[in-house]
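The block underneath contains the structure these notes are about, expressed in structure tokens.
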Amino acid sequence: MAPAPKFSLEEQEKLILFAAVAAIEKSNLLDFSMSSIAKSAGLSMGSVYKFVQCKEDLLIVLATKMYQEKHRVFSQVLALPLTTPERIIALSLLDFSKVQMFSFDDQLESIVNTRSIIKRCSQRWLDYMINCSRVCEDSFKVLLQTAVDTNELQSDVNDMEQINIGAWSLTVGYFQTVRLHHDRNSKQDNESQACIASLSTDNVHILNLQRFINTFNWRQKVSKEDLEKIVQQLTTSELR
Numbered sequence: 001m002a003p004a005p006k007f008s009l010e011e012q013e014k015l016i017l018f019a020a021v022a023a024i025e026k027s028n029l030l031d032f033s034m035s036s037i038a039k040s041a042g043l044s045m046g047s048v049y050k051f052v053q054c055k056e057d058l059l060i061v062l063a064t065k066m067y068q069e070k071h072r073v074f075s076q077v078l079a080l081p082l083t084t085p086e087r088i089i090a091l092s093l094l095d096f097s098k099v100q101m102f103s104f105d106d107q108l109e110s111i112v113n114t115r116s117i118i119k120r121c122s123q124r125w126l127d128y129m130i131n132c133s134r135v136c137e138d139s140f141k142v143l144l145q146t147a148v149d150t151n152e153l154q155s156d157v158n159d160m161e162q163i164n165i166g167a168w169s170l171t172v173g174y175f176q177t178v179r180l181h182h183d184r185n186s187k188q189d190n191e192s193q194a195c196i197a198s199l200s201t202d203n204v205h206i207l208n209l210q211r212f213i214n215t216f217n218w219r220q221k222v223s224k225e226d227l228e229k230i231v232q233q234l235t236t237s238e239l240r
């Protein structure tokens, strides 16, 4: 009879992911090796390959964990006692260190959405990541649909799609630009992290987002005083 495994499958998964994070932090998202992960986790290569089939799978699994953490925090923000447009803006006013899962979140999110990674990873793990990402998207769509159903937003499907795409584009576009600028000025790394952790109510992104949101037919538009209220709610909920 074969000896019982030293670790359960759940324990092995945790060991592998912990070792993967340590290996990536020691090198980078591209240069870590599967053998180093197996050695660090105290597992055989066979055990590692039962969990994932390649390095790309590991990146996808880590990205999935990252999306799950984002959804957890975003759900807290969307449940705050605020109006719907205020909640949308609150997603950009929270302290982003509260959302961070790994020290390399930004790079991970960029790399797992490239064609080369998607082409090489296992379909099982790709589907897993996509489903988790969709959960975040769906929660935002439900928020907008509820606003329409309660007449908080007097709109139609086209407006809902515009709010969804527009708010997403403004947010992603802003943070990608800021991160690129900060990466180019790596000597200011500590200051950069502090700047991006949480935005002020007079930050250009927040003001642009407020202007964009207020173009739609909300029962109550977002004022400057409302922005301060959002900050207070986030602070009270320890999200800022």
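The sequence shown begins at 1 in full-length UniProt numbering and counts up by one. The beta-carbon is built from N, C-alpha and C at its ideal position, and this holds for glycine as well.
Sequence-distant residues of the same chain with beta carbon closer than 6 Å to residue i, five excluded per side
| i | result |
| --- | --- |
| LEU239 | LEU94 and LYS98 |
| THR171 | SER92 |
| SER198 | ASP95 and ARG240 |
| ALA147 | THR84 and LEU153 |
| SER52 | First, the residue type needs correcting, since residue 52 is Val and not Ser in the sequence shown. For VAL52, where only same-chain residues beyond five positions count, the Cβ hits under 6 Å are LEU58. |
| PHE32 | ALA23 and ILE24 |
| SER8 | none |
Below-8 Å beta-carbon distance, residue i vs any chain C residue
| i | result |
| --- | --- |
| ALA20 | Here chain C cannot be found, since the structure has a single protein chain. |
Reference residue i; option with closest CA among the options
| i | options | result |
| --- | --- | --- |
| residue 241 | GLY42, LYS26 and MET34 | The question about residue 241 has no answer, for the chain in this structure spans 1 to 240. |
| ASP138 | SER33, ASN164 and ARG120 | ASN164 |
| ASN208 | ILE88, SER8, ALA19 and ILE24 | ILE88 |
| TYR49 | SER122, SER75 and ALA23 | SER122 |
| LEU30 | ILE111, ILE206, SER223 and ALA147 | ILE111 |
| PHE96 | GLU11, SER33, SER116 and ARG72 | ARG72 |
| GLU161 | THR150, GLN145, THR236 and GLN176 | GLN145 |
| ILE16 | SER75, ASN131 and VAL61 | VAL61 |
| ARG115 | THR150, GLU56, LYS14 and PHE74 | GLU56 |
| SER133 | GLU25, PHE51, ASN113 and THR150 | ASN113 |
| THR236 | LEU59, SER27, GLU25 and GLN76 | GLN76 |
| LEU58 | PHE74, ILE24 and LYS39 | ILE24 |
| GLN12 | ASN28, SER33, ASP149 and LYS39 | LYS39 |
| ARG124 | ASP159, ASP149, CYS54 and THR150 | CYS54 |
For residue i: DSSP bridge partner residues
| i | result |
| --- | --- |
| LEU153 | TRP218 |
Contacting residues, own chain, Cβ-Cβ under 8 Å from residue i (five flanking each side not counted)
| i | result |
| --- | --- |
| PRO81 | GLN233 |
| PHE212 | GLY166, ALA167 and LEU170 |
| LYS224 | THR201 |
| ALA194 | Only weak support exists for where ALA194 lies, its pLDDT of 44 falling under 50; the coordinates are left without a value. |
| VAL231 | LEU93, THR201 and ARG240 |
| GLN210 | ILE89, VAL222 and LEU227 |
| ARG120 | CYS54 and GLU56 |
| LYS229 | LEU82 and GLU86 |
| LYS14 | none |
| SER35 | MET45 |
Residues near residue i in its chain [Cβ-Cβ closer than 7 Å; skip 5 each side]
| i | result |
| --- | --- |
| MET101 | LYS65, MET66 and GLU69 |
| LEU143 | LEU78, THR84 and ARG87 |
| TYR174 | HIS205 |
| LYS141 | ASN164 |
| ILE118 | LEU126 |
| VAL135 | HIS71 |
| ASN128 | Before going further, note that residue 128 is Tyr rather than Asn in the sequence given. Excluding residues within five positions, the ones whose Cβ falls inside 7 Å are THR64. |
| ALA19 | ILE37, SER40 and ALA41 |
| ASP159 | PHE216 |
Mind the definition here: the stretch 101-112 touches the stretch 43-52 only if three or more C-beta pairs lie below 8 Å; say whether that holds. no
Which runs of the alpha helix (DSSP H) spanning at least 4 residues fall entirely within the stretch 58-127, listed in chain order? 84-93, 105-111 and 115-120
Within the chosen definition, does the stretch 145-159 reach the stretch 204-221 through at least 3 CB pairs nearer than 8 Å? yes
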